[in-house]
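Take the first sequence: its position 231, counting from 1, is numbered 231 in UniProt numbering, and each next residue is one higher. Every residue, glycine too, gets a C-beta built ideally from N, C-alpha and C. For reference, the structure is listed below as structure tokens.
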Amino acid sequence: MSWTDERIERLKAMWAEGKTASAIADDLGGVSRNAVIGKAHRLGLDSRPSPVKPGEDKGASAPAAAPAPSVAPASERAAPSRVKEKPAIAAILESAAPMPDDDLPAAPAAAPAPAPSTPAPAKTGETVMVYRSIGPGGFVRQGPGDQQPPIPPAPPRRLMPAKPAPEMADKTGLLDLNDRICKWPMGHPGEPDFHFCGQQANPGYPYCVQHCGVAYQAQLPRRDRRPPPPLPYGGPRVR
DNA sequence: CCCTGATTCGC
DNA sequence: GCGAATCAGG
Numbered sequence: 001m002s003w004t005d006e007r008i009e010r011l012k013a014m015w016a017e018g019k020t021a022s023a024i025a026d027d028l029g030g031v032s033r034n035a036v037i038g039k040a041h042r043l044g045l046d047s048r049p050s051p052v053k054p055g056e057d058k059g060a061s062a063p064a065a066a067p068a069p070s071v072a073p074a075s076e077r078a079a080p081s082r083v084k085e086k087p088a089i090a091a092i093l094e095s096a097a098p099m100p101d102d103d104l105p106a107a108p109a110a111a112p113a114p115a116p117s118t119p120a121p122a123k124t125g126e127t128v129m130v131y132r133s134i135g136p137g138g139f140v141r142q143g144p145g146d147q148q149p150p151i152p153p154a155p156p157r158r159l160m161p162a163k164p165a166p167e168m169a170d171k172t173g174l175l176d177l178n179d180r181i182c183k184w185p186m187g188h189p190g191e192p193d194f195h196f197c198g199q200q201a202n203p204g205y206p207y208c209v210q211h212c213g214v215a216y217q218a219q220l221p222r223r224d225r226r227p228p229p230p231l232p233y234g235g236p237r238v239r
């Protein structure tokens with residue numbers, strides 16, 4: 001089937017009515033859904049709300065949401081387009097790793113915490129609980145049914161920073177990560193000496209230059225790709 | 001699994 | 001230009 005003027009008009013009309021590409025293809029006959037979509041695009045017809053691409057916000061809707069200089073999306077964008085990332089762990093680490101350096105204002109001047117003498121009540125379902133500090137290292141919870149404040153347990157005399165395990169003394173741990181440090185995992189999570197590479201990160205990437213070389217590989221054009229090797233026993237079944 | 005529209009790319 | 005193949009969200 002070819003795209004005669006009549007068929008193109010029919011396509012335009014139905015597309016404008018909001019018919020799905022499948023419905024249009026059925027109606028016209030002799031063409032696939034993909035053919036309809038492809039033709040609609042080439043004709044420059046309006047884009048439909050794609051299930052894949054989130055509907056783009058018209059800027060006026062949320063001006064308050066300033067684009068925070070978050071690290072992960074920026075690095076994604078900076079990465080070359082035809083590149084695939086092997087370990088998905090990077091994204092997890094990006095979101096999980098606290099950034100002790102910048103990003104955190106030294107003193108929250110904008111939103112001063114409520115005075116310690118007036119603890120904010122926290123709602124738990126119907127009951128209103130009050131949390132009261134009992135000094136360093138502790139708090140008590142008081143519900144409305146509790147007449148007397150519970151006897152606070154003796155607070156520890158002083159709080160010591162947790163001592164890192166000796167084998168971690170000079171290794172890069174989760175809390176040491178920031179956007180300038182290579183987050184390539186060394187060893188396996190759960191092992192006592194699991195840590196991260198810790199070298200200087202390749203700017204815009206979560207890894208140092210060496211590990212970028214391991215994590216990223218250029219994606220070849222489709223015609224140049226080798227078919228994947230047959231999966232060993234136990235691989236997913238091909239239907 | 002099904003559906004959707006968008007995109008890519010060999011023809 | 002065409003449309004199958006592929007992608008990715010619902």
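- Annotated three-state conformation of residue 210 is helix, per DSSP.
- Per the DSSP secondary-structure output, residue 186 pairs in a beta bridge with 195.
- Here residue 32 carries a coil assignment [DSSP, helix/strand/coil].
- DSSP places residue 22 within a helical segment (H, G or I) once states are collapsed to three.
- For residue 181, DSSP records a beta bridge to 200.
- Counting along the chain, residue 11 sits inside the alpha helix (DSSP H) bounded by residues 5 to 17.
- Distance between residue 170 and residue 184, taken at the CA atoms: about 16 Å.
- Pairing residue 46 with residue 9, the inter-Cα distance amounts to about 15 Å.
- The beta-carbon separation of residue 176 and residue 190, rounded to 18 Å, does not stay under the 8 Å limit for a contact.
- Within the model, the alpha-carbon separation for residue 5 versus residue 27 is close to 15 Å.
- Cα atoms of residue 41 and residue 21: separation of roughly 11 Å, rounded to the nearest angstrom.
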